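Structure record follows, encoded as structure tokens.
Protein chains in written order, with UniProt numbering: chain E, 1 to 603; chain U, 1 to 603.
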């Protein structure tokens, strides 16, 4: 009995999809780096330093800095986070004090906690950094502004006077990148090194405000929208590996005397992987929607119309958190579903995880993001209560019926959801979100009655607020997935994607069944039916599962996973991969001569 | 404003616990290795090779092998898992065929999938391995048996003829360990190299069965019980780091104009960490209980009484899975609650995670473990239905009232749980488990009616079965935590541990609120009260939180975490740690001369 060379189910005979679905997830990644998907020391030069110049430099600064940066004479990074300050930007301590006598800025790291920390490429690679610092001029502080700071000599690469710079040491992942620290000790910069496209400091020290505070808003929204796409990307890769491998791996007996089945035939394996497959598809569509919306609104912003920005800002914050958390735990479920081999770096899953997981923290820590969205939801709720008409994703807060939604005995209210109808499920998710926004808003109200302090009331309602944001984002995702189905003409593809969308929606309900029961949106017998329906959907998806990951169209070279190989020849290549392990370069490792032999001699 | 040197709240003034609780978690770890807590190449020699000799070698074999092994002349490992076979032992393919002519066994790896894979220390360190192989003699296969196989020359350390051995390559963690592969090609062993304390092969090839199959059972139970303790250990360390750091880290504003608060003052941070703190305490007590029970039952087993073994076997399987899954995700919550710095290896959290996470897979993959427990639960349910009296943790299946439990409209049944009374909550968890065992058993029944095939019925009920096991384990944990309170005399300690136990129980209910609502155990208004009560408990625990992790008594040296330092001087030491990064050994890294300079020259 051989277990090798069994291929995953690419065979069209095994699935009922004649045409593979052409869902390339390629465009979701940031393609500006040299090797997309792999962190590199030059990432921040390409992804942050150059774009910041483009967005915030004056024409004179562009003339001076852009071409040398483009030619890699100047290699830059973006230094914002400090050792003691991350998400809360106002807390940053680095100072840039203008000296009108010499027309220079004097930059300082006044405390240990103010040392710049984390920027990629800062430790060893960059010779310049865009440094965010509190601008002081003529005795006033004007908040954070960006400065171009030379940190290493252009020819010797030695740190310049007043600069203490280095690598911050080993991390969970990103070992290819020299994330760095930067301590500034009375570093003097010419006035021209402050990025002055918007805010300015005149030669005499006069501060000129930027025309709008909202301009920097856009970049944040853009990056967070991109991260939604990266969540889709990371989860698609992980599902591709785990599902293909589960069609190759055989284990145990299902029926006595029969050969060991593919582990993908186990209901528990399907229950781990297929909801994640559905999630990956959902997030691809959400990512596409966010990019489209961003570009649409950017047009408006350029014409001075900021009206949709708060909505997009709230949505991008919440969805950034919602999708990165789901992808983060999903990658690990995929890894562990591959058993021991998932733990080997040959599977690629450990690397996918360690390189993706920072997305839960960077560009806005996820819980903080959820609370930002919650602030928008609660504000919108108050507006709706005051009779204002809302638009966009929160318009449901206007709908009269939710005003009557009250947590009450489940059986006392007629249920509203048809569990086989996606449109009805979207409605259910919407009403759940409305209920939870209301609960959070009421919690704040109650706290205010007890304590009369807005900030404490907010903090004492934070659990409810995060829950409301989560429900809102969940609603948006289910809705966008459902909307997407309307765009698909091919019957076979429409059918299998509808199955995925239904699985996504129903699985989400079982994971949050208390909410739906509490809000009276579903009855107890319906919950039982949903469990049964999910099992049916898993069986329906089984024959299409491998085709559905093939449709992500991630080539072997990019997937870089022995377990996820398209040809399914896992064990031979695992053996081959292992033989190339650095430890195998000699038959007898030096540790034998250095340690084991001397140790024996002593015993 | 400096943010450095703020110490965590060790100050007894800040908490109302006069005495720190002396809960040392030390004894829960396997102390046989040289450096407890850190994986090492000799771990399997000490933890598996020597103990297996002690348990399964004959006196003659002991004379021959034990002292050389004790003196590290023989360095051994334990080779069971194969590249294509893990949890399903019967599927292992390595063969040992007895040749009566020469009185030797001939060992072979007949396929690629049969290559031994994963054993620690196998790749480069060991010169012997205990190999598990299918024993063939006189034309019959007698299943798995253990053989002592020399794999490297005792003086040159070169692989012996017929042996292909090496390292399996880089992994997620365990980089200190040379996990290895072993391919056997007609390797001949003297008859005396089969471990023959129980089963035997006579010189003429006659096979002699072992006296009891259940003897190997005990070791498995022992190891799984130990893993429960390791879950407690890993989670205690993670909570110590995250909670101390959350008392050091300051961020944002709670009240305008006031200094940045400790992040532990945020409700969301408390909601992430305090339930995990409660879980760590719960698992410590469960680990203690499992060890005690194991040792009690071992006495019985040695006297030939195996009656309690199935119960302990089922319990250890389920609790191994339940606790490792919870600890696994909990470590990551702790890491991410430390923001960016959690991602630095200086926090120790990445290492805790990568070294702990294999526990979800090894010694019985978690889903398989849950299904083993489920098998026992369903069997017990059938017995109870047939009127048999059950004992031990499943005795609740006997209780008459559960026979009437049926999922039904929530409001239609009087609720039974008092949310402020731990004993009543234990009762609630018990009834939830009873309901879910019943649902799983009924699912199997229904499937049988449709398909009449036991195996398919089982597989098609697997989701329900895992859910039932999970609920059973959850009940056992809540019950053991509650029982433990009865042993605590000190009023202050009793009080704070009761708060933790209540938080553990109520938080578990909110995470599974659908189950409790569906089973009619709690009403919708009670669910609202529970949410409010949890917020109160978080506030109550806040002043004691640091004292509660200090009570784990994990010294700085063992914790090995800059973020979790007892003295709280995090930022200074983070800076110091970073400066020692290997990349900082030169000011200008060689990559500048090797890559950047030549690259520039080309542009």
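Glycine is no exception: its CB is placed at the ideal position from the N, C-alpha and C atoms. Note that the coordinates shown come from a computational prediction; the quantities given were computed from them, not determined experimentally.
Within the region 412–475 of chain U, the complete alpha helix (DSSP H) runs of at least 4 residues fall at 422–451 and 454–459. By the CB criterion at 8 Å, residue 287(E) and residue 232(E) fall inside the cutoff. Close to chain E, meaning a Cβ-Cβ distance shorter than 7 Å, are the following residues of the region 265–283 of chain U: 266, 267, 268 and 271. Contacts with chain U (Cβ-Cβ distance below 7 Å) from the region 566–583 of chain E involve 571, 572, 574, 575, 577, 578, 579, 581 and 583, listed in chain order. Residue 241(E) and residue 503(E) do not touch by the CB rule: their CB atoms are close to 20 Å apart, not below 8 Å. Here the alpha carbon of residue 361(E) sits roughly 12 Å from the alpha carbon of residue 118(E).
With respect to chain U, the C-beta atom of residue 113(E) has a partner C-beta closer than 8 Å. At a Cβ-Cβ threshold of 8 Å, residue 554(U) and residue 236(U) count as neighbours.
Where residue 332(E) is concerned, the enclosing alpha helix (DSSP H) starts and stops at 309–337.
Annotation: the region 85–110 of chain U contains the following complete segments of the beta strand (DSSP E) (minimum length 3 residues), in chain order: 95–99 and 104–108.
Listed in chain order, the non-local C-beta contacts of residue 48(E) below 6 Å within the same chain comprise 78, local neighbours out to five positions each way being set aside.
With its beta carbon at least 8 Å from every one in chain E, residue 116(U) lies outside the interface. For residue 289(E), the enclosing alpha helix (DSSP H) covers residues 267–302.
Cβ-Cβ separation between residue 87(E) and residue 364(E): approximately 6 Å, consistent with a contact (criterion under 8 Å). Membership of residue 255(E) in any beta strand (DSSP E) is not indicated, and neither H nor E is assigned to it by DSSP.
In chain order, 432, 433 and 436 place their CB closer than 6 Å to the CB of residue 471(U), counting only its own chain and leaving out the 5 sequence neighbours on each side. In this model, residue 514(U) and residue 513(E) are separated by some 5 Å (Cα to Cα). Taking 8 Å as the threshold, the shortest C-beta distance from residue 379(E) to chain U does not fall below it. Segment contact: the region 291–304 of chain U against the region 338–351 of chain U, fewer than three CB-CB distances shorter than 8 Å; contact not assigned.
Shown here, residue 535(U) sits in a helix according to DSSP, grouped into three states. Excluding five sequence positions before and after residue 533(E), the CB atoms of its chain that fall closer than 7 Å to its own CB belong to 419 and 506, given in chain order.
Going by beta carbons, residue 559(U) and residue 469(U) fall outside the 8 Å limit.
Sorting 41(U), 114(U) and 52(U) by C-alpha distance to the C-alpha of residue 572(E) places 114(U) at the top. Neighbours of residue 71(U) in chain E, taken as residues at a C-beta separation under 8 Å, are given in chain order as 600 and 603. The beta carbon of residue 9(U) sits closer than 6 Å to the beta carbons of 247 and 546 from its chain, once the five residues preceding and following it are set aside; these are given in chain order. Apart from sequence neighbours up to five positions away, the residues of its chain that approach residue 371(E) with a beta-carbon distance below 7 Å are 462, 465 and 466, ordered along the chain.
Residue-level contact by beta carbon fails for residue 450(U) and chain E, as no gap is shorter than 8 Å. Residue pairing by DSSP places residue 159(U) opposite 152(U) in a beta bridge. Looking at the DSSP output, residue 67(U) shares a beta bridge with no other residue. Taking residue 191(E) as the centre and dropping the five residues before and after it, the same chain places the C-beta of 98, 103, 104, 105, 201 and 203 closer than 8 Å to its C-beta, in chain order. Separation of the CB atoms of residue 228(E) and residue 283(E) is rounded to 7 Å, and the pair is thereby assigned contact status at 8 Å. Residue burial annotation: residue 152(U) is buried, with at least 16 other C-beta atoms found within 10 angstroms of its C-beta. Contact between residue 160(E) and residue 146(E) is ruled out by a C-beta separation of about 19 Å, above the 8 Å threshold. Chain E has a Cβ within less than 8 Å of the Cβ of residue 463(U).
Taking the Cβ atoms as the reference, residue 497(E) lies roughly 13 Å from residue 274(E), outside the contact range of under 8 Å. Beyond the five residues adjoining it in sequence on each side, residue 64(E) comes within less than 7 Å, by CB distance, of no other residue in the same chain.
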